[in-house]
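Colleague: Under our numbering, the letters of the sequence shown match residues 1 to 271, in that order.
Note that the Cβ used here is the ideal one computed from N, Cα and C, for glycine as well.
All values reported here derive from a predicted model rather than from experimental measurement.
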Amino acid sequence: MLTLYEFGNSVCCQKVRLTLELKDLEWQSVQINLFKSEQYNEKYLKLNPKGVVPTLVHNERSIIESTLICEYLDDIYPIPKLIPSDPYMKAQMRIWSKLVDEGLHEGISEISFSAMFREKMKHLSPEQREIRLRNVGDPRRYDRFKSTFELGVDSQFVGYAIAAYEKAFDLLESYLSKSQMWILGDDLSLADINLIPYVARLNFLCLLNLWIDDKPHVQKWWTRVQALPQYIDSILTPMQDVEIQEMKHYGELIFPQIKSRRALLKVSMKP
Ligand SMILES: N[C@@H](CCC(=O)N[C@@H](CS)C(=O)NCC(=O)O)C(=O)O
1 MLTLYEFGNS
11 VCCQKVRLTL
21 ELKDLEWQSV
31 QINLFKSEQY
41 NEKYLKLNPK
51 GVVPTLVHNE
61 RSIIESTLIC
71 EYLDDIYPIP
81 KLIPSDPYMK
91 AQMRIWSKLV
101 DEGLHEGISE
111 ISFSAMFREK
121 MKHLSPEQRE
131 IRLRNVGDPR
141 RYDRFKSTFE
151 LGVDSQFVGY
161 AIAAYEKAFD
171 LLESYLSKSQ
181 MWILGDDLSL
191 ADINLIPYVA
201 RLNFLCLLNL
211 WIDDKPHVQK
221 WWTRVQALPQ
231 YIDSILTPMQ
241 DVEIQEMKHY
251 GELIFPQIKS
261 RRALLKVSMK
271 P
């Protein structure tokens, strides 16, 4: 039995759900409510000492880190194969995993936080806020959390997020311009799957067009992604209407600021 400890709208959980759906696997979900800090419950920390979702439990053993969970699933259930067998292509696939894990993950957390969670946190009492902050075990994550809470889109970490997306979309356009269906060619792979939730979130926040308006190949890729039944089942359908409305509302509020920060950054990134 496969059990996924997850939280509805979390990007890294969407990645794993997408993989499970593409492989048509049977699995059960256990919800860990991040807003209620359930990720820090002692019992859950035994499964995932980092206090984050997702965690997969298979044969009574837990596997953490969404990228590793997806690779694990592909090893155990190789149909359809989502990791290329050719070593060079496998390395290419992992370039995309790294790009997501080392840039976009933090990036989307900061952008989402500056748009939505920050507003929610403002309604907490100073004591509740302090408890929420104190629970963030990692000092670097704590600094990001605090800066984006205090400064919103003006936080330096939102600037890094915009830069990470800038690079990712430029790279994506160049890969897809080699007349490819998917990032690595004709077959969908974990390179696409790792990236999809991070593009979807920008779309839900109504910010995606800022990046892809001038990228025809990325636009076609994104249209193909949205038509995948597994995208609909694992990302769209589990989302409640209220969450979709909330992302749209808060995303539209920060749109002008993100747009002008991005314009400034594009100038300063020029060689
Ligand atoms: N590298 C980890 C990141 C996990 C992660 O940051 N998960 C977020 C949700 S997408 C989380 O659980 N956050 C909990 C918190 O902010 O306290 C993975 O890919 O599994």
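#1: What are the boundary residues of the beta strand (DSSP E) that residue 30 is part of?
#2: State the start and end residues of the unbroken alpha helix (DSSP H) segment that holds residue 232.
#3: Does the Cβ of residue 161 have 16 or more other Cβ atoms within 10 Å, making it buried, or fewer, making it exposed?
#4: For the putative contact between residue 200 and residue 235, defined by C-beta atoms under 8 Å, what is the C-beta separation to the nearest angstrom?
#5: Classify residue 54: buried if its beta carbon has 16 or more other beta carbons within 10 angstroms, exposed otherwise.
#6: Would the segment 69–80 and the segment 132–141 be scored as touching if the rule is three or more Cβ pairs under 8 Å?
#7: Where does residue 107 sit, in a helix, a strand or coil, going by DSSP?
#8: At what residue ranges does the segment 34–75 contain a whole run of the alpha helix (DSSP H), taking only runs of 4 or more?
#9: Could you tell me how far apart the beta carbons of residue 172 and residue 218 are, in whole angstroms, since I believe they sit closer than 8 Å?
#10: Look at residue 107 and residue 175 and say whether their C-beta atoms are less than 7 Å apart.
#11: Since residue 102 is in the beta strand (DSSP E), which residue starts that stretch and which ends it?
#12: Just checking residue 128 against ligand 1 - is the residue's beta carbon closer than 6 Å to any of the ligand's heavy atoms?
#13: Is there at least one non-hydrogen atom of ligand 2 closer than 6 Å to the beta-carbon of residue 70?
#14: Does residue 184 come out as helix, strand or coil in the three-state DSSP assignment?
#15: What do you get for residue 128, buried or exposed, if any count of 16 or more other CB atoms within 10 angstroms of its CB means buried?
Modeller: Taking the geometry as given:
#1: Along the sequence shown, one-based indexing puts residue 30 at 30. Here the beta strand (DSSP E) through residue 30 covers 28–31.
#2: Mapped onto the sequence shown, residue 232 falls at position 232. Element bounds for residue 232: n/a, residue is neither H nor E.
#3: The residue given as residue 161 occupies position 161 in the sequence shown. Answer is buried; the Cβ neighbour count reaches 16.
#4: Here residue 200 refers to the residue found at position 200 of the sequence shown. Here residue 235 refers to the residue found at position 235 of the sequence shown. The Cβ separation is near 6 Å, so the contact holds.
#5: Your numbering for residue 54 matches position 54 in the sequence shown. Result: buried.
#6: Because the criterion of three Cβ pairs below 8 Å is not met, the segment 69–80 and the segment 132–141 do not touch.
#7: Taking the first residue of the sequence shown as 1, we reach residue 107 at position 107. Reduced to three states, the DSSP call for residue 107 is helix.
#8: 42–47
#9: For this step, residue 172 is matched to residue 172 along the sequence shown. For this step, residue 218 is matched to residue 218 along the sequence shown. Going by Cβ atoms, the distance from residue 172 to residue 218 rounds to 5 Å, so yes, they are a contact pair.
#10: In the sequence shown, residue 107 corresponds to position 107, counting from 1. In the sequence shown, residue 175 corresponds to position 175, counting from 1. Not a contact, by the Cβ cut-off of 7 Å.
#11: Reading the sequence shown from its first residue, position 102 is the one you call residue 102. If you look at residue 102, you'll find it isn't in any beta strand (DSSP E); DSSP assigns it neither H nor E.
#12: To locate residue 128, count along the sequence shown from 1; it is residue 128. Exclusion of residue 128 from the 6 Å shell around ligand 1 follows from its C-beta lying no nearer than that to any non-hydrogen atom of the ligand.
#13: The model on display carries ligand 1 but not ligand 2.
#14: By 1-based counting over the sequence shown, the position of residue 184 is 184. Three-state DSSP puts residue 184 in coil, outside helix and strand.
#15: Locating residue 128 in the sequence shown gives position 128, where the first residue counts as 1. Classification for residue 128: exposed.
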